[in-house]
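J.:
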Amino acid sequence: MTTGRTGEECQQTGIYDSNCHTKQLALSKGATFPPCRCRQGVIWTLVPASSGARRDILVEYANGISGLAKAAASNG
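Counting from 1 along the sequence shown, just add 190 to a position and that's the residue number in my numbering.
In structure tokens:
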């Protein structure tokens, strides 16, 4: 199972569950795990691929955001 804590670098693109407020978040590999909306540090856990199409859509979204961020950084 893949996990990360607030402030750490995400090692695998995917959908992550928070251990605070049951929030889910799409993150790209290399992104930084954020704090919870209540500003506390949390542990994020990768949602298994068996969660279906919703996960696939959100992973595509996360990959798109990563691509946009890289393009913006290179255009500086």
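Yeah, the Cβ is synthetic: ideal placement off N, Cα and C, and Gly gets one too.
#1: Ordered along the chain, which non-local residues of its own chain (more than five positions away) have a Cβ less than 8 Å from that of T193?
#2: Taking its Cβ as the centre, do 16 or more other Cβ atoms sit within 10 Å of C228, making it buried, or is it exposed?
#3: Within 10 angstroms of the Cβ of A216, are there 16 or more other Cβ atoms? Answer buried if so, exposed if not.
#4: Going by CA-CA distance only, name the one from I205, G220 and C200 that's closest to P238.
#5: Assuming G231 contacts T196 (C-beta within less than 8 Å), just tell me the rounded distance between them.
#6: Between which two residues does the beta strand (DSSP E) harbouring R229 extend?
T.: According to the structure shown:
#1: Numbered from its first residue, the sequence shown carries residue 193 at position 3. Correct list, in chain order: I233, W234, T235 and L236.
#2: Within the sequence shown, the letter at position 38 stands for residue 228. With fewer than 16 other Cβ atoms within 10 Å, it is exposed.
#3: In the sequence shown, the residue the question calls residue 216 occupies position 26. Result: buried.
#4: Reading the sequence shown from its first residue, position 48 is the one you call residue 238. It is I205.
#5: In the sequence shown, residue 231 corresponds to position 41, counting from 1. In the sequence shown, residue 196 corresponds to position 6, counting from 1. Yes, G231 and T196 are in contact; Cβ-Cβ is about 4 Å, under 8 Å.
#6: As a first step, residue 229 must be located in the sequence shown, where it is residue number 39. Taken as a continuous stretch (DSSP letters only), R229 belongs to no beta strand (DSSP E), as it is neither H nor E.
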